[in-house]
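S.K.: Have a look at this one before I ask anything.
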């Protein structure tokens, strides 16, 4: 009865009420940012005295915002490539390998995800200061790949686990070399896993703030670093405009992920 | 066969070398600095725990993390419960809302809370016009703001694993408890709650661990006088260039995190694998 929706009685309405309030709580900031970005008040008075596109105009007029977004995008792509390649070989070793210490290796590969990001950020910052990688593209790519890598391993090893190794063996029996079998049989079969590994790696870099704050230099700033800087100065509605565009991007990515899920379940 | 074993392990070597060089070594180096700078010894740790300012930061961090965990659990439990039994269409709507909030850029969400919670923000305005308060509440630049912002971020991380646990419970067990004469309250406290406990603890542990090391939200909503551990570490090394003390604080955060994580993996693995 407690686990039957129709037999809950009055309790059903209590739970529905709570869930409704929580849903509003979860939606409030997201909707609020979008409304705010069109409000005409510089001081973000709400409800706004009028509606305007001014903040979007300002956003697009300032080349620094666009540069930051472009930097984030380029960085995300580089991180994605590196993380998916490393992640594929690592997952292949984890799933196909029969060596001792596999469990340990897997746990090691997951640690960047569970470690407090600030510790990773500070540690890499210290190292990069010494070896001259601080504030460079290379340093940035390395740092974000460390954070993205576990996501790639999870996505790829999950799909490798589902893929039947016998098919790969059959290709080898038919005369393919091991590499050829991986290239022509295994990789195409797990392409959805690779795709979601790429998506998650990209997002891990695109949305990342803490490490980015430490890796950035005045000439090399990602979008989150730029927003962070603006937030610490003042709460201009231009940030609301930038944030709203990010919300739209989220919606697009969610739709893509949902349709990917559908393909996977078919 | 021996050869192929070997070859599979070799495939992991690039990733292993990469992590060793750019992850393990830098973290260990940072921790080493905590006992090496300015000189060998544990004076950094002594300073960390003996100085009032630092001790208060650590106290604040654990208190806020605990509070956030507790509130998220209380708010998330009914949602997870309902989600597990709701008609599918309705549940999908709730899921989309949870995912949308979870996937929206962290800074964007925190920015929204900064505006919502300020003295002239709509929360204060609404409360004022409803006559609940007579002067604006200070909701930002203090630990109240941090707690609200963090609960907002952590709720999905409680709801999703807890929902998975609830779904796995066989409804027949609850029917059986009703047949045996249990009332609703009894069925809840003696059957549903104990059965969902593993998921609740697993989710709570994860949220607690994540909250301990959180940087962005506390830094933006807490203001300068209410620092939490992660921000303190950043400040120690970036503004004060005190690598020894920063390393020590990092070690404290790291060891607590890893210990709790190991505990979670050991006892609750598989209940909170959603990250």
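Protein chains in written order, with this note's numbering: chain B, 1 to 266; chain F, 1001 to 1275. Glycine is no exception: its CB is placed at the ideal position from the N, C-alpha and C atoms. In this text, all values refer to a predicted model and were calculated from it rather than measured experimentally.
Have a look at residue 161 of chain B and residue 44 of chain B and give me their C-alpha separation to the nearest angstrom.
M.R.: Distance between the alpha carbons of residue 161 of chain B and residue 44 of chain B is about 51 Å.
S.K.: Name, in chain order, the residues that DSSP records as bridge partners for residue 39 of chain B.
M.R.: B:51
S.K.: So with CB distances below 7 Å, who are the chain B contacts of residue 1115 of chain F?
M.R.: 36, 44 and 235
S.K.: As a quick exercise: from F:1060, F:1237, F:1104 and F:1177, pick the residue whose alpha carbon is nearest that of residue 1226 of chain F.
M.R.: F:1060
S.K.: Since residue 30 of chain B meets chain F, which of its residues come closer than 7 Å, beta carbon to beta carbon?
M.R.: 1100, 1101 and 1104
S.K.: For the region 218–232 of chain B, enumerate the residues whose C-beta is nearer than 7 Å to any C-beta of chain F, in chain order.
M.R.: 224, 227, 228 and 231
S.K.: Quick check on residue 1272 of chain F: buried or exposed, where buried means 16 or more other Cβ atoms within 10 Å of its Cβ?
M.R.: Model confidence at residue 1272 of chain F stands at a pLDDT of 47, short of 50, so the residue's coordinates are unreliable; what they give is reported in the following sentence. The residue in question, residue 1272 of chain F, is buried, as its Cβ has 16 or more Cβ neighbours within 10 Å.
S.K.: Going by beta-carbon coordinates alone, are residue 90 of chain B and residue 109 of chain B separated by less than 9 Å?
M.R.: yes
S.K.: Contact check, residue 1113 of chain F vs residue 1152 of chain F under 8 Å by CB: the rounded distance?
M.R.: Between residue 1113 of chain F and residue 1152 of chain F a beta carbon distance of about 7 Å is seen, short of the 8 Å cut, so the two are scored as contacting.
S.K.: My output table needs one value for residue 269 of chain B: the three-state DSSP class, helix, strand or coil.
M.R.: Within the shown structure, residues of chain B are numbered from 1 to 266, placing residue 269 of chain B beyond reach of any answer.
S.K.: Suppose only complete runs of 4+ residues qualify. What are the alpha helix (DSSP H) ranges in the region 1001–1036 of chain F, listed by chain order?
M.R.: 1002–1011, 1013–1019 and 1025–1036
S.K.: Using a C-beta to C-beta distance shorter than 7 Å, which residues of chain B count as neighbours of residue 1139 of chain F?
M.R.: For residue 1139 of chain F, none of the residues of chain B pass the 7 Å Cβ criterion, the least Cβ distance being about 14 Å.
S.K.: With 16 as the cutoff for other CB atoms within 10 Å, does residue 13 of chain B come out buried or exposed?
M.R.: So residue 13 of chain B ends up on the exposed side.
S.K.: Our contact map puts residue 242 of chain B next to residue 59 of chain B with C-beta atoms below 8 Å; I'd like the distance itself, whole angstroms only.
M.R.: 6 Å
S.K.: Given residue 1088 of chain F, which residues of its chain have a CB within under 8 Å of its CB, disregarding the five upstream and five downstream residues?
M.R.: none
S.K.: Thinking C-beta only, is residue 1212 of chain F closer than 9 Å to residue 1253 of chain F?
M.R.: yes
S.K.: Nearest CA to the CA of residue 1007 of chain F: which residue from B:70, B:94 and B:260?
M.R.: Among B:70, B:94 and B:260, the Cα nearest to that of residue 1007 of chain F belongs to B:94.
S.K.: Would you say residue 18 of chain B faces chain F, with C-beta separation under 9 Å as the test?
M.R.: yes
S.K.: Starting from residue 1174 of chain F, find everything on chain B with Cβ-Cβ shorter than 8 Å and list it in chain order.
M.R.: 1, 2, 3 and 4, listed in chain order.
S.K.: If we call anything under 9 Å between Cβ atoms a contact, is residue 1117 of chain F one with residue 1148 of chain F?
M.R.: yes
S.K.: Compare the Cα-Cα distances from residue 1221 of chain F to each of F:1201, F:1119 and F:1188 and report the closest residue.
M.R.: F:1119
S.K.: Under 7 Å Cβ to Cβ from residue 52 of chain B, same chain only, skipping five residues before and after it: list those, please.
M.R.: 38 and 40
S.K.: Listing by chain order, which chain F residues have their CB less than 7 Å from the CB of residue 174 of chain B?
M.R.: Simply none; closest approach about 18 Å.
S.K.: Could you tell me if residue 21 of chain B is buried or exposed, where buried requires 16 or more neighbouring beta carbons within 10 angstroms of its beta carbon?
M.R.: exposed
S.K.: Am I right that residue 222 of chain B and residue 75 of chain B are in contact with their C-beta atoms under 8 Å? What's the rounded C-beta distance?
M.R.: At roughly 6 Å, the Cβ-Cβ gap stays under 8 Å, so residue 222 of chain B and residue 75 of chain B are in contact.
S.K.: What are the residues in the region 193–216 of chain B lying within 7 Å of chain F by C-beta distance?
M.R.: 207, 209 and 210
S.K.: Compute the Euclidean distance between the alpha carbons of residue 1140 of chain F and residue 1121 of chain F, then round it to the nearest angstrom.
M.R.: 10 Å
S.K.: Buried or exposed: residue 1197 of chain F, going by 16 or more other Cβ atoms within 10 Å of its Cβ?
M.R.: So residue 1197 of chain F ends up on the exposed side.
S.K.: Report yes or no: is there a C-beta of chain F within less than 9 Å of the C-beta of residue 157 of chain B?
M.R.: It does not: the Cβ of residue 157 of chain B has no partner Cβ on chain F nearer than 9 Å.
S.K.: Which of the three DSSP states, helix, strand or coil, is assigned to residue 1273 of chain F?
M.R.: Note on residue 1273 of chain F: pLDDT 45, under 50, position unreliable in the model; the coordinate value appears next. DSSP places residue 1273 of chain F in coil when its eight states are reduced to three.
S.K.: Count the CB pairs spanning the region 1168–1178 of chain F and the region 1020–1038 of chain F that are closer than 8 Å, and state whether there are at least three.
M.R.: no
S.K.: Is there contact between the region 108–125 of chain B and the region 171–187 of chain B, where contact requires at least three CB pairs shorter than 8 Å?
M.R.: They do not touch, by the three-pair rule.
S.K.: I want to verify the contact list: residues of chain B whose CB lies under 8 Å from the CB of residue 1107 of chain F, in sequence order.
M.R.: When 8 Å is used as the limit between beta carbons, residue 1107 of chain F is near these residues of chain B: 209, 224, 227, 228, 231 and 243, in chain order.
S.K.: Which residue wins for smallest C-alpha separation from residue 1193 of chain F, given the options F:1163, F:1205, F:1208 and F:1032?
M.R.: F:1163
S.K.: Taking the alpha carbon of residue 63 of chain B as the reference point, which residue from B:219, B:235 and B:132 has its own alpha carbon closest?
M.R.: Minimum Cα distance to residue 63 of chain B is reached at B:219.
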